[in-house]
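K.L.:
If you read the sequence shown in UniProt numbering, its first letter stands for residue 1, the second for the next number, and so on. The structure under discussion is supplied below as structure tokens; questions concerning it will follow.
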Amino acid sequence: MSSHPRGHLVYAARGVLSVHTGQGTSIVPANRVAWTPAGTTHHHRAHGDTDMRIVFLPPSLARLVPDHPAVFTASDLARSALLTLTGPRNYDPAARPLDPAARARLRRVLVDELHEAPEQPLHLPDPHDDRLQAVARLLHESPADNTPLAELGRTIGASARTLSRLLHHELGMTFYAWRTQLRLLSEGHDTTYVAHACGWANPSHFIAAFTKLVGTTPGRHRAGRQGDPFGVV
Numbered sequence: 001m002s003s004h005p006r007g008h009l010v011y012a013a014r015g016v017l018s019v020h021t022g023q024g025t026s027i028v029p030a031n032r033v034a035w036t037p038a039g040t041t042h043h044h045r046a047h048g049d050t051d052m053r054i055v056f057l058p059p060s061l062a063r064l065v066p067d068h069p070a071v072f073t074a075s076d077l078a079r080s081a082l083l084t085l086t087g088p089r090n091y092d093p094a095a096r097p098l099d100p101a102a103r104a105r106l107r108r109v110l111v112d113e114l115h116e117a118p119e120q121p122l123h124l125p126d127p128h129d130d131r132l133q134a135v136a137r138l139l140h141e142s143p144a145d146n147t148p149l150a151e152l153g154r155t156i157g158a159s160a161r162t163l164s165r166l167l168h169h170e171l172g173m174t175f176y177a178w179r180t181q182l183r184l185l186s187e188g189h190d191t192t193y194v195a196h197a198c199g200w201a202n203p204s205h206f207i208a209a210f211t212k213l214v215g216t217t218p219g220r221h222r223a224g225r226q227g228d229p230f231g232v233v
């Protein structure tokens, strides 16, 4: 885990990233960009063959984005700005370097684009209570496990009522919603594989749940770009 004095944007030009902070885990496919504020302890994880791009923002621009970790849709313009700011002109001696004024303008365009983009619900909050963390470890190890909360509670030494209360107070969601979101944001391959691995007998039910959470189907979620972790609409 690390932190930086400046906030930064992370983009997967190819593949899928996850950004882990004390507030939870953000999943960043190739049509999303993640924001991590200055001073936030975090680490990144690449899922598969991933091309990670990072843009640090000066404080004057960081004020225009949220003061918490967030994920946004990457518009065509935002994506182009990100790729230019992190492309060969920044490290290839044979390429004409990007001058500081142009870099500042591109960063401003990028932040303006993100300012207009709604935050995406691709964030899985992490619990702080030891009992919820124990349940979370069990669910991460086996996302397809349909063990009821009461039985999970007996395993870790807490009642279902206590765990439900903690979920409501810490995460603002029910156990069903928490487990469903954890499953939906699990890394995977094609839609059928992910659906079965995460406990859905019918991939169409997985697609319906994914669409309800993210706002689009798994296939359309990639918007025709590289790095989509799901294979069909």
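All C-beta atoms in this analysis are idealised placements derived from N, C-alpha and C, irrespective of residue type, glycine included.
1) Measure the CB-CB distance between D49 and R14 and report whether it falls below 8 angstroms.
2) Look at the alpha carbon of residue 234 and the alpha carbon of F175, and state the distance between them as a whole number of angstroms.
3) Which residue marks the beginning of the alpha helix (DSSP H) containing G87, and which one marks its end?
4) Classify L77 as buried or exposed, calling it buried when 16 or more other Cβ atoms lie within 10 Å of its own Cβ.
5) Give the secondary structure of S2 by DSSP, where H, G and I count as helix, E and B as strand, and everything else as coil.
6) Residues in the same chain with beta-carbon distance under 8 angstroms from P5, minus the five sequence neighbours each way, listed in chain order, please.
7) What is the DSSP secondary structure of V65, counted as helix, strand or coil?
8) To the nearest angstrom, report how far apart E116 and A94 are at their CA atoms.
9) With a CB to CB cut of under 8 angstroms and the five nearest residues on each side skipped, what residues in its chain are close to G7?
10) Count the other CB atoms, across all protein chains shown, that sit within 10 Å of the CB of E151; report buried if there are 16 or more and exposed otherwise.
11) Mind checking Q133: buried by the 16 CB within 10 Å criterion, or exposed?
12) According to DSSP, what are the bridge partners of M173?
13) Using the C-alpha atoms, what's the distance from R32 back to E119?
P.N.:
Working from what's here:
1) The beta carbons of D49 and R14 sit closer together than 8 angstroms.
2) Residue numbering for the chain in the displayed model covers 1 to 233; residue 234 lies beyond these limits and cannot be assessed.
3) Counting along the chain, G87 falls outside any alpha helix (DSSP H), and DSSP gives it neither H nor E.
4) With fewer than 16 other Cβ atoms within 10 Å, it is exposed.
5) It is a strand residue.
6) A38, G39.
7) Residue state, collapsed to three classes: coil.
8) Roughly 36 angstroms separates the two Cα atoms.
9) Answer for G7: W35, T36, P37, A38, T40, F56, L57, A62, V65, listed in chain order.
10) Under this definition E151 is an exposed residue.
11) Looking at its Cβ environment, which holds fewer than 16 other Cβ atoms inside 10 Å, Q133 is exposed.
12) According to DSSP, which records beta bridges pairwise, M173 is partnered with nothing at all.
13) If you draw a straight line from the Cα of E119 to the Cα of R32, it comes to about 10 angstroms.
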